[in-house]
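In our numbering, the protein residues as written are 3 to 374. Note that beta-carbon positions come from the ideal geometry of N, C-alpha and C, so glycine has one too. Notes to accompany the following structure.
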């Protein structure tokens with residue numbers, strides 16, 4: 003039996019996120035996703051006049067493949083999939099898995115081969131640059147467990163978050179975008195954190211349901227060599243299948259000169275992936291009104307109301323500070339009162355305190371009660 007929430011989410015993805023027009027090709031990459039939702043995507047795309055194409059994948063099988071695949075094999079797989087991607091106008095990637103650590107035992111050198119030989123040419127060089135795209139998770143019992151919720155309660159939460167009125171959010175972001183574009187110096191203050199950097203002349207990019215679902219952030223990038231001070235992250239994070247907590251980074255002239263976590267060795271191994279791994283490619287402010295606690299899934303955690311995230315690695319082309327890396331690791335700092343509080347300053351003006359935008363600056367529309 004079809005679930006009306008599947009249809010509603012599919013319509014958001016087709017009509018708002020990717021804005022499919024008659025005659026456009028949409029690639030639906032479904033990874034461990036129920037057929038009923040894929041059917042809803044096909045129906046929504048067709049109703050909009052688009053042409054749906056499918057790639058069905060399984061995380062467990064891809065894990066087995068990555069353990070065995072040769073560089074030549076990955077190059078050929080990328081060549082085949084790049085040919086398909088190059089014919090697409092839009093892409094929706096939906097990932098569901100009951101094991102968020104499925105790739106945790108894939109050797110680091112093989113993860114790097116996958117990222118360099120497959121992910122970069124197919125996704126970063128083609129999909130990101132040339133299609134209207136949106137990626138999202140699918141609710142699973144594993145995600146519910148990470149969120150410390152029952153499966154049914156998590157599903158209700160998921161569909162409420164993912165079918166938010168994103169057009170309303172898009173309008174509310176505009177004053178913050180204008181203020182960020184005019185700003186030079188940023189200062190972040192929180193327990194264990196005192197960080198300064200410049201965002202001068204690097205565009206601020208609003209995110210309201212077009213490239214990620216759920217959504218609710220605005221991102222830019224620090225001037226590459228401007229970051230000074232320390233930041234203590236207070237949310238858990240999973241990268242390359244490995245869990246980290248209590249990450250602390252110290253910066254001098256933009257570079258991470260000291261890094262600690264509950265898994266310091268792995269943290270430093272990732273940061274040493276290449277010359278750009280110890281520099282930051284993104285700074286963002288999160289404000290989704292329905293997301294309040296971390297669940298070890300970055301597509302949710304980076305949008306937590308009252309949060310910021312700071313990202314060692316690759317910069318996005320839309321907000322480019324010139325940093326290049328094979329990694330892009332979003333690390334989240336909660337700044338609401340429950341997490342210890344914090345402040346965000348632009349050019350010595352307090353913008354947000356304890357997770358709430360300061361009144362009198364025209365930013366109040368982004369506080370949670372005004373987005374629901």
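Alpha carbon to alpha carbon, how far is residue j from residue i? Give it in angstroms, no decimals.
i: residue 203; j: residue 188; result: 13 angstroms
i: residue 239; j: residue 106; result: 13 angstroms
i: residue 261; j: residue 269; result: 7 angstroms
i: residue 267; j: residue 97; result: 29 angstroms
i: residue 41; j: residue 13; result: 12 angstroms
i: residue 171; j: residue 368; result: 8 angstroms
i: residue 64; j: residue 244; result: 17 angstroms
i: residue 36; j: residue 227; result: 45 angstroms
i: residue 16; j: residue 47; result: 6 angstroms
i: residue 300; j: residue 234; result: 17 angstroms
i: residue 329; j: residue 279; result: 6 angstroms
i: residue 346; j: residue 353; result: 6 angstroms
i: residue 158; j: residue 72; result: 42 angstroms
i: residue 190; j: residue 19; result: 31 angstroms
i: residue 341; j: residue 6; result: 36 angstroms
i: residue 355; j: residue 211; result: 25 angstroms
i: residue 323; j: residue 153; result: 41 angstroms
Rounded to whole angstroms, how far is the Cβ of residue i from the Cβ of residue j, which I believe are closer than 8 angstroms?
i: residue 232; j: residue 344; result: Actually they are not in contact, since the Cβ atoms of residue 232 and residue 344 sit about 13 angstroms apart, beyond 8 angstroms.
i: residue 115; j: residue 76; result: 6 angstroms
i: residue 321; j: residue 221; result: 6 angstroms
i: residue 162; j: residue 294; result: About 13 angstroms; that fails the 8 angstroms criterion.
i: residue 32; j: residue 56; result: 7 angstroms
i: residue 365; j: residue 193; result: That pair is no contact at about 24 angstroms.
i: residue 370; j: residue 302; result: No, residue 370 and residue 302 are not in contact; Cβ-Cβ is about 15 angstroms, not under 8 angstroms.
i: residue 108; j: residue 68; result: 5 angstroms
Relative to the C-alpha of residue i, which candidate in the options has its C-alpha closest?
i: residue 333; options: 372, 236, 367, 258; result: 236
i: residue 379; options: 211, 206, 210, 213; result: Coverage of the chain is limited to positions 3 through 374, which leaves residue 379 absent and any answer about it impossible.
i: residue 362; options: 310, 351, 184; result: 351
i: residue 126; options: 295, 38, 317; result: 317
i: residue 129; options: 46, 110, 309, 319; result: 319
i: residue 22; options: 31, 34, 49; result: 49
i: residue 156; options: 297, 11, 356; result: 297
i: residue 331; options: 312, 158, 348; result: 312
i: residue 198; options: 94, 256, 31; result: 256
i: residue 29; options: 117, 92, 81; result: 92
i: residue 186; options: 348, 173, 6, 360; result: 348
i: residue 327; options: 374, 282, 78; result: 282
i: residue 26; options: 216, 133, 373; result: 133
i: residue 86; options: 212, 190, 54; result: 54
i: residue 277; options: 290, 247, 315; result: 315
i: residue 2; options: 59, 52, 150, 173; result: The chain is shown from 3 up to 374; residue 2 falls before or after that span and cannot be answered.
i: residue 175; options: 218, 160, 110; result: 218
i: residue 88; options: 117, 200, 131; result: 131
i: residue 288; options: 324, 373, 45, 247; result: 373
i: residue 213; options: 355, 4, 61, 305; result: 305
i: residue 265; options: 247, 259, 339; result: 247
i: residue 335; options: 242, 359, 360, 286; result: 286
i: residue 258; options: 242, 230, 241; result: 230
i: residue 290; options: 358, 80, 117, 10; result: 358
i: residue 10; options: 24, 45, 34; result: 45
i: residue 209; options: 81, 151, 173; result: 173
Looking at the strands, I want to know which residues DSSP matches up with residue i.
i: residue 27; result: 53
i: residue 231; result: 197, 253
i: residue 236; result: Looking at the DSSP assignment, residue 236 forms no beta bridge with any residue, so it has no partner.
i: residue 241; result: 244
i: residue 222; result: 285
i: residue 95; result: 31, 137
i: residue 208; result: 220
i: residue 312; result: 285, 333
i: residue 59; result: 33
i: residue 214; result: 137
i: residue 306; result: 290
i: residue 189; result: 198, 347
i: residue 262; result: 250
i: residue 359; result: 354
Compare the C-beta of residue i with all C-beta atoms of chain D and state if any pair is closer than 7 angstroms.
i: residue 166; result: Reference to chain D is not applicable here, since this structure consists of a single protein chain.
Is residue i near the ligand GDP - that is, is its Cβ less than 6 angstroms away from at least one heavy atom of it?
i: residue 137; result: Judged by which ligands are present, the structure shown has none, so any question about the ligand GDP falls away.
> Is there contact here, the region 238-258 with the region 128-144, by at least three beta-carbon pairs under 8 angstroms?
Replying inline: No, the region 238-258 does not touch the region 128-144.
>> Does the contact criterion of 3 or more C-beta pairs under 8 angstroms hold for the region 101-116 versus the region 139-155?
In response: A contact exists between the region 101-116 and the region 139-155.
> Between the region 157-169 and the region 118-134, do three or more beta carbon pairs fall short of 8 angstroms?
Replying inline: No, because fewer than three Cβ pairs between the region 157-169 and the region 118-134 fall closer than 8 angstroms, the two stretches do not touch.
>> With three or more C-beta pairs closer than 8 angstroms as the rule, is the region 273-284 touching the region 168-184?
In response: With the cut-off at 8 angstroms, the region 168-184 and the region 273-284 do not touch.
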